[in-house]
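Counting in the UniProt record's numbering, the sequence shown runs from 1 upward without gaps.
Note that CB positions come from ideal geometry on N, CA and C, so glycine has one too.
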Amino acid sequence: MAQDFEKSTFYLVDICNLLPQTSSTSIDSYTPVKLEERQEEKNFTFITHNIIQNKQLPFESNHFDFIQQNLTAFTYKQEDWPLILKELLRVTKPGGYIQLIEVDLTPHHMGPRTELWLEQGKLEQMLSNIGLVDIQCNFVSIPVGSWGLDIGHLWKENYEAFFESAKPFLIEMMEISSREYKKQMRIVMEELDEYKTFTNVYLIWGRVPDEQ
């Protein structure tokens, strides 16, 4: 459906009894519909909020026991991250946890002619910089290309979609023409299978000290 209706937006709420007595809140920076009016789960709240414009999260300090932020590497500019992490720290209770999930957009085992355009974010260091302790990091490697069977095909499509949507930004950054960009893209896609390219999804979490 996403391919047929390019401007459509999909929202899913994963119902799980892992924390049945816990109240959850989800924040999105943009939504075209009023999801709040359609909520049915009593322990789940969906809020639309732009932290960059408002400079803070809409919660009191020491509000949450656990915060997870995922797939935001291209949502924020580099200069926005200090504000983002400072606010995540502010609204997390002492002893609570902050968890980040991000995709390493620098693929591994790329071909010799493929440029590595994006540098992996040092999420572990970022959490340390805001004062978290007991920081741990884990990752899973995901194949990109037909050599990785079904999931490899899906991730290849993800890469194709990303590089197409990021084309204006990358052309300017790389200082090349649109024609040269397309040529490089073809080389990238051809080398995915030849060199068995894979990417990593990182999970990093840390604890807010009991006393701040």
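Checklist entry - Cβ atoms of Thr45 and Phe64: under 8 Å apart, would you say? => result no
Checklist entry - Can Pro58 and Ile47 be called in contact, C-beta distance under 8 Å? => result yes
Checklist entry - What are the start and end residues of the alpha helix (DSSP H) that includes Ser165? => result Leu149 to Ser165
Checklist entry - Just to confirm, are Ile51 and Glu87 a CB contact at a threshold of 8 Å? => result yes
Checklist entry - What does DSSP give as the partner residues of Leu100 in its beta bridges? => result Gln69 and Ile204
Next on the checklist: Bridge partners for Asn138 per DSSP, in chain order?
Outcome noted: Leu203
Next on the checklist: Looking only at its chain, what residues have a beta carbon closer than 7 Å to the beta carbon of Leu192, apart from the 5 residues adjacent to it on each side?
Outcome noted: Val144, Gly145 and Lys156
Next on the checklist: When you compare the CB positions of residue 217 and Gln125, do they come within less than 8 Å of one another, or not?
Outcome noted: Nothing about residue 217 can be read from this structure; the chain reaches only from 1 to 212.
Checklist entry - Whose C-alpha, out of Trp147, Val201 and Asp80, is nearest the C-alpha of Met189? => result Trp147
Checklist entry - When DSSP labels each residue in this structure, what does Pro94 get in the three-state scheme? => result strand
Next on the checklist: Going by C-alpha to C-alpha distance, which of Trp205, Glu60 and Leu123 sits closest to Trp81?
Outcome noted: Leu123
Checklist entry - Measuring CB to CB, does Glu175 end up less than 8 Å from Pro94? => result no
Checklist entry - If you draw a straight line from the alpha carbon of Leu154 to that of Pro168, how long is it in whole angstroms? => result 23 Å
Item to check | Sheet register partners of Phe59 (DSSP bridge) | outcome: BP columns for Phe59 are empty, so no partner.
Next on the checklist: Between which residues of its own chain and Asn138 is the CB-CB distance below 7 Å, once the five residues before and five after are set aside?
Outcome noted: Leu203
Next on the checklist: What does the Cβ neighbour count give for Glu102, buried or exposed, with the cut at 16 atoms within 10 Å?
Outcome noted: buried
Item to check | Where Pro82 sits in the DSSP three-state scheme | outcome: helix
Item to check | Rounded straight-line distance, which links the Cα of Gln56 to that of Arg134 | outcome: Before going further, note that residue 134 is Asp rather than Arg in the sequence given. Distance between the alpha carbons of Asp134 and Gln56: 26 Å.
Item to check | Under the three-state DSSP convention, the category Gly121 falls into | outcome: In this predicted model, Gly121 has a pLDDT of only 49, less than 50, meaning its place in the structure is not dependable enough to derive any value.
Next on the checklist: Tell me the residue span of the alpha helix (DSSP H) that contains Ile52.
Outcome noted: Ile51 to Asn54
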